[in-house]
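Residue numbers (the numbering used here): 789 to 843.
Spelled out as structure tokens, the structure:
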């Protein structure tokens, strides 16, 4: 599977097919394996996300 990066709330919300407000809440709660980059934007990879579903 090629690794894809999703940067920012809107891109992550589109990937997860969720409303941006819901994604923002779940990110704050640590429910996704996302991290903030040097600019303070959330970054999520598809590989990290799918691996988190298996655990």
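C-beta: ideal position from N, C-alpha, C; glycine also.
*6 Å CB neighbourhood of residue 791 in its chain, flanking five on each side removed*: For the purposes of this step, residue 791 is taken as residue 3 along the chain shown, with counting starting at 1. 833, 835.
_Range covered by the beta strand (DSSP E) that runs through residue 793_ = Here residue 793 is taken as the residue at index 5 of the chain shown, counted from 1. Residue 793 -> beta strand (DSSP E) spans 793-795.
*asked:* Using CA atoms only, rank isn't needed, just tell me which of 824, 805, 813 is closest to residue 796.
replied: On the chain shown, position 8 is the one that residue 796 refers to. For residue 796, the nearest C-alpha among the options comes from 824.
*asked:* According to DSSP, residue 833 sits in a beta bridge with which residue or residues?
replied: Locating residue 833 in the chain shown gives position 45, counting from the first residue. DSSP lists 793 as partners of residue 833.
*With burial defined as no fewer than 16 other Cβ atoms inside 10 Å of the residue's Cβ, what is the status of residue 794: buried or exposed?*
In the chain shown, counting from the first residue as 1, residue 794 sits at position 6. Residue 794 is buried by the Cβ-count criterion.
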